[in-house]
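A.B. asks: Structure in structure tokens, see below.
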């Protein structure tokens with residue numbers, strides 16, 4: 003048996019969404035080549051797909067990366083996913099933008115101009131658990147800004163999603179205790 007291991011960093015959110023539906027939405031956006039897809043996640047997908055293509059001996063280096071990239075751009079990867087969804091009894095015409103999200107939301111607003119210094123994954127996960135993750139599929143959060151991004155006072159940095167007011171308030175309270183998003187001036 004041949005095996006390959008890829009060690010990647012996991013100290014920050016990859017993509018923009020945290021929570022079951024948010025993460026499904028992220029994957030669908032990449033497969034559907036939606037303009038709002040998370041490019042950091044797409045780049046990681048291409049990196050890992052390139053390694054798989056190399057592992058099976060189909061191509062090496064730039065040629066392997068070109069094959070992986072073309073599978074996304076051409077729509078072939080999305081078409082294959084639709085076949086898998088249909089075979090499992092799902093709706094192959096699912097649209098990333100119509101997935102149900104938590105009905106109770108709260109926007110985290112930048113309190114000052116600055117730059118996102120850090121987004122603490124441990125604190126993000128703690129907030130999401132209070133919102134209802136992983137039990138409630140529609141609970142989670144969406145990051146509009148990532149580490150290194152500039153923010154203006156009043157700009158939405160993140161949106162929290164919960165299925166009820168109780169969990170939304172628990173998520174807000176946990177965020178106030180220790181904010182997962184840190185700024186610099």
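Residue numbers (our numbering): 3 to 187.
We put the beta carbon where it would ideally sit given N, CA and C, even for glycine.
Look at the alpha carbon of residue 1 and the alpha carbon of residue 134, and state the distance between them as a whole number of angstroms.
C.D. replies: Residue 1 cannot be examined here, being either before or after the span of the chain that is shown, 3 to 187.
A.B. asks: Closer than 7 Å by C-beta to residue 8: which residues in its own chain qualify, once you throw out the five before and the five after it? Chain order, please.
C.D. replies: 50, 53.
A.B. asks: Return the chain-ordered ranges of every beta strand (DSSP E) run that is complete within the region 115-143 and spans a minimum of 3 residues.
C.D. replies: As far as the region 115-143 is concerned, its whole beta strand (DSSP E) runs of at least 3 residues are 116-121.
A.B. asks: Are the beta-carbon atoms belonging to residue 161 and residue 185 less than 9 Å from one another?
C.D. replies: No, the Cβ-Cβ distance between residue 161 and residue 185 is not below 9 Å.
A.B. asks: What separation, rounded to the nearest whole angstrom, lies between the Cα atoms of residue 126 and residue 94?
C.D. replies: Using only the alpha carbons, I get a separation of about 31 Å.
A.B. asks: Residue 184 by DSSP, collapsed to three states: which one?
C.D. replies: Residue 184: strand per DSSP, three-state reduction.
A.B. asks: Can you tell which of 99, 20, 88 has its C-alpha closest to the C-alpha of residue 30?
C.D. replies: Comparing Cα-Cα distances from residue 30 to each of 99, 20, 88, the minimum goes to 99.
A.B. asks: Could you round the C-beta distance between residue 183 and residue 121 to whole angstroms and report it? I think they count as a contact, below 8 Å.
C.D. replies: Right, the Cβ-Cβ distance comes to about 5 Å (below 8 Å), so this counts as a contact.
A.B. asks: Which whole runs of the beta strand (DSSP E) in the region 51-121 are 3 residues long or more, in chain order?
C.D. replies: 106-111, 116-121, all fully within the region 51-121.
A.B. asks: Can you check DSSP and say which residues form a bridge with residue 161?
C.D. replies: According to DSSP, which records beta bridges pairwise, residue 161 is partnered with 109, 144.
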